[in-house]
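J.: Under the working numbering, the first residue of the sequence shown is numbered 6, with each subsequent residue one higher.
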Amino acid sequence: MKRPEECASLQDIRDAIDLLDQQMVALLAQRAIYVKAASHYKTSPMSVKAPERLALMIESRRLWAREQQLDADFIEQLFAHITNYFISQEMGFWREREEREE
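#1: So, helix, strand or coil for residue 6, using DSSP?
#2: Find the nearest neighbour of residue 82 within the set 57, 92, 63, judged by alpha-carbon distance.
#3: For residue 77, name the three-state secondary structure that DSSP assigns.
#4: Of the choices 30, 71, 17, 49, whose alpha-carbon is the least far from that of residue 92?
#5: Which first and last residues belong to the alpha helix (DSSP H) in which residue 34 is found?
#6: Is it buried or exposed for residue 102, if we count other Cβ within 10 angstroms and need 16 for buried?
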């Protein structure tokens, strides 16, 4: 992938952005695998939701955003959306496991 300053056209830039987006989707797919694995270690719906962990996680993402000169509020909203989705997925995995074990 070309660095931004090496791009000679708008198409070069679009190609690079598309590649970055593809990599982000692949990373989210990997995250989903870890979320499913985490459900095996959870003992209750509250442990799936883990509000204390979520608060710490969001704060660390805000810090990472500031370190990268990104808008911390935007990153918080993005990760809130991502984590809400994955918490819902994990809750489903956890419930399936609980039903099988009954």
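Using N, Cα and C, we set each Cβ at its ideal position, and we do this for glycine too.
All values reported here derive from a predicted model rather than from experimental measurement.
T.: The answer reads as follows:
#1: Residue 6 carries a coil assignment under DSSP once its states are collapsed to helix, strand and coil.
#2: Measuring C-alpha to C-alpha distances from residue 82 to each of 57, 92, 63 identifies 63 as the nearest.
#3: Here DSSP, grouped into helix, strand and coil, assigns residue 77 to helix.
#4: Residue 49 is the option with its Cα nearest to residue 92.
#5: Segment 15-43, the alpha helix (DSSP H) holding residue 34.
#6: By the neighbour-count criterion, in which a residue is buried when 16 or more other Cβ atoms sit within 10 angstroms of its Cβ, residue 102 is exposed.
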